[in-house]
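Count along the sequence shown from 1, then add 1047; that gives the number in my numbering. We treat Cβ as the ideally placed atom computed from N, Cα and C, and that holds for glycine.
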Amino acid sequence: MPRIVQKFGGTSVKDVEHIHKVAKIIAATYEKNKELAVVVSAMGHTTDKLIDLAKQINNDFNPRELDVLLATGEQVSISLLTMALQSLGLKAKSFTGAQAGIITDSKHGYSSILEVRTSSIEKSLAEGEIAVVAGFQGITESGAITTIGRGGSDTTAVALAAALKAEWCDIYTDVNGVYTTDPRNLSSARRLAAISYEEMLELAASGAQVLNARSVELAMNMQVPVRLRSTFEPDDIGTLITNKMSAPSYTVCGIACDTNQVSFNLKIRKRVNKKTTGNNNVELHYLDGVSKLLNRFQKLGIHIDMVTLLGKDDESAPELSFTAHKQSANKVYAEIQMLNQDLGEPDVAVDSEIVKISVVGNGLSARRGLVSAIFDVLSEASVPVKMLSTGDIKVTALVHQNYKDKAIEEIHERFCVYPPTDVRVFAS
1048 MPRIVQKFGG TSVKDVEHIH KVAKIIAATY EKNKELAVVV SAMGHTTDKL IDLAKQINND
1108 FNPRELDVLL ATGEQVSISL LTMALQSLGL KAKSFTGAQA GIITDSKHGY SSILEVRTSS
1168 IEKSLAEGEI AVVAGFQGIT ESGAITTIGR GGSDTTAVAL AAALKAEWCD IYTDVNGVYT
1228 TDPRNLSSAR RLAAISYEEM LELAASGAQV LNARSVELAM NMQVPVRLRS TFEPDDIGTL
1288 ITNKMSAPSY TVCGIACDTN QVSFNLKIRK RVNKKTTGNN NVELHYLDGV SKLLNRFQKL
1348 GIHIDMVTLL GKDDESAPEL SFTAHKQSAN KVYAEIQMLN QDLGEPDVAV DSEIVKISVV
1408 GNGLSARRGL VSAIFDVLSE ASVPVKMLST GDIKVTALVH QNYKDKAIEE IHERFCVYPP
1468 TDVRVFAS
């Protein structure tokens, strides 16, 4: 008898009517698989509303208390869904993150799951109950309530599936699978029957919003097969996310776009600068300043990407360029200013009107000339490229936001045209 974990997002349980529909999907699955755990997000925009409430009290709120507040959103969902299941004559029991044994570290607002102690859930399943678990939250060893960050319910579901040794994890949302690019922006986007963990992780980390990146990384590390399915098309099996041996081999599987990026360019004016410390004059080389800056970003948890350093000895003005999330832009600028002398008093240019377009596929590294072909496509379409970076399975171009749609369309038309591939999928 297969054991399954299902997860339903906020749009799937946004009101009572939707909760009843979700209960019927769960009931249909339970008829075939008698061991079923379900992870649920907060209803609709509940989390955003709770954050707004906190800001009305104190805009500089305590992270611990915010976690206590936000965790109530999922508690409403699990109780209502459990009641809906019981109204269908099914045995069901709700569990908060703490009751489900989801142990996290103490980083409030973005905690990591350390362990799932499944004894309570195992007991519930053994008694023929459907275990309804609150996503997005956990508890520390010292008993503090924590939250896992945006999209954390996906991570909860995968972690629970791994701990319960489930056959697979179904993640239900408002889309019916993974597409070659966002179908809302390009009508010719095609749904993928299956995709590898590695490709899905790159897409998720590059701006595709169908799955939380941490959940994909966990699924890959724990080898948990995941199906991305639509709550509104419950008979559709969606897209299977699995290992490379089971997934089709695409040269390019998809294109992701991240519109929440800002680029920084530092033109170093002084290779060696002088700084007075006490009674001593200290010589500062700009490379030491760059090292300090990057270490500060790591310490503060600021993620940067597309890092480029041009600093030949015969260049009068070495340059450091990188991208960061828009939410981190003010912190990044403040760190640059704090290390101004160490960095050689650079001229700083900030561009917030850019987008990162990432082309992903396991076949990229094996196909010679693909990077130049992507560049040629953009050049032929008169799309100026500000920066370009490459990796084993990803090529990323930085372009002005006005060229976003044109760049995606041209790359998609050239590289994402292939017949659908049949793959082994799990029975629904």
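Member of the options whose CA lies at the smallest distance from the CA of residue i
i       : options                               : result
Pro1393 : Ala1364, Thr1370, Ile1242 and Ser1399 : Ala1364
Ile1302 : Val1395, Asp1152, Ile1455 and Ser1419 : Ile1455
Glu1249 : Ala1240, Met1267 and Asn1232          : Met1267
Val1115 : Ala1178, Ile1177 and Gln1184          : Gln1184
Gly1391 : Glu1121, Met1247, Ser1419 and Gly1336 : Gly1336
Arg1415 : Ile1440, Asp1305 and Leu1161          : Ile1440
Ile1186 : Phe1142, Asn1106, Ala1173 and Lys1170 : Phe1142
Lys1403 : Asn1342, Thr1306 and Phe1462          : Thr1306
Gly1039 : Glu1121, Ile1401, Val1432 and Ile1288 : Because the chain is modelled from 1048 through 1475, residue 1039 falls outside the range shown and cannot be assessed.
Leu1128 : Thr1298, His1065 and Val1446          : His1065
Thr1119 : Ile1192, Arg1276 and Thr1298          : Ile1192
Ser1200 : Gly1175, Ser1159, Asn1232 and Ala1074 : Ser1159
Val1069 : Arg1276, Asn1312 and Leu1334          : Arg1276
Thr1094 : Ile1288, Thr1194, His1447 and Leu1334 : Thr1194
Glu1366 : Asn1342, Lys1373 and Asn1312          : Asn1312
Ala1241 : Ile1288, Glu1082, Leu1341 and Ile1104 : Ile1288
Cβ-heavy atom distance, residue i to the ligand ATP, below 8 Å
i       : result
Val1222 : The ligand ATP is not among the ligands present in this structure, which contains no ligands whatsoever.
Straight-line Cα distance separating residue j from residue i
i       : j       : result
Ser1126 : Pro1230 : 34 Å
His1332 : Val1354 : 19 Å
Gln1256 : Met1130 : 31 Å
Ile1150 : Asn1259 : 19 Å
Glu1245 : Asp1423 : 26 Å
Lys1339 : Asn1449 : 35 Å
Leu1357 : Gly1182 : 45 Å
Gln1476 : Gly1091 : Summary: the structure shown does not reach residue 1476, with the chain confined to residues 1048 through 1475, and so no result is reported for it.
Ala1251 : Glu1078 : 33 Å
Ala1147 : Val1263 : 21 Å
Met1292 : Val1271 : 14 Å
Asn1377 : Leu1347 : 13 Å
Glu1460 : His1155 : 43 Å
Ala1178 : Lys1140 : 5 Å
Leu1254 : Ile1383 : The question names Leu, but residue 1254 in the sequence shown is Gly. Their Cα atoms are separated by approximately 26 Å.
Asn1290 : Asp1107 : 43 Å
Glu1112 : Gly1190 : 13 Å
Val1430 : Ile1315 : 28 Å
Val1123 : Val1319 : 60 Å
Ile1284 : Met1385 : 53 Å
Val1180 : Lys1138 : 14 Å
Gly1144 : Ala1294 : 33 Å
Tyr1380 : Val1395 : 9 Å
Lys1102 : Val1063 : 28 Å
Arg1261 : Thr1437 : 22 Å
Gly1136 : Thr1202 : 30 Å
Own chain residues within Cβ distance below 6 Å of residue i, not counting five before or after
i       : result
Gly1056 : Ser1088 and Thr1220
Gln1278 : Reading off the sequence shown, one finds Thr at residue 1278, where the question assumed Gln. For Thr1278, where only same-chain residues beyond five positions count, the Cβ hits under 6 Å are Ser1059 and Tyr1219.
Val1442 : Val1406, Val1418 and Ile1421
Asp1398 : Ser1310
Ser1375 : Ile1349
Leu1239 : Val1225 and Thr1286
Asn1080 : Pro1049 and Ile1051
Thr1227 : Ala1236, Arg1237, Gly1301 and Cys1463
Lys1433 : Leu1445
Neighbour flag for residue i against chain C, beta carbons, 9 Å
i       : result
Ser1159 : No chain C appears in this structure, which consists of one protein chain only.
Residues of its chain near residue i, where Cβ-Cβ distance is below 7 Å and the 5 sequence neighbours each way are ignored
i       : result
Ile1351 : Phe1344, Phe1369, Thr1370 and Ala1371
Val1052 : Ala1084, Val1086, Ala1204, Leu1207, Ala1208, Leu1211, Ala1213 and Cys1216
Gly1196 : Gly1156 and Tyr1157
Arg1164 : Gly1148 and Ile1150
Asn1232 : Asp1452 and Ile1455
Glu1400 : His1447 and Gln1448
According to DSSP, residues forming a beta bridge with residue i
i       : result
Glu1082 : Arg1050
Ile1383 : Paired residue(s): none; Ile1383 is not in a bridge.
Asn1312 : Ser1368 and Ala1396
Ala1181 : Val1087
His1332 : Val1319
Phe1055 : Val1087 and Tyr1219
Val1442 : Val1406 and Thr1437
Thr1289 : Ser1243
Residues of its chain near residue i, where Cβ-Cβ distance is below 8 Å and the 5 sequence neighbours each way are ignored
i       : result
Leu1100 : Leu1116
Glu1280 : Asn1223
Ser1296 : Asn1409 and Gly1410
Leu1161 : Ile1150, Thr1151 and Asp1152
Glu1457 : Val1424, Leu1425, Glu1427, Ala1428 and Val1430
Leu1334 : Gly1358
For this session: Scan the stretch 1233 to 1282 and note each continuous alpha helix (DSSP H) run of 4 residues or more that stays entirely inside, going in chain order.
Result: 1244 to 1252 and 1260 to 1269
For this session: Only counting runs of 3 or more residues, tell me where the beta strand (DSSP E) segments fall wholly within the stretch 1120 to 1147, in order along the chain.
Result: 1139 to 1142
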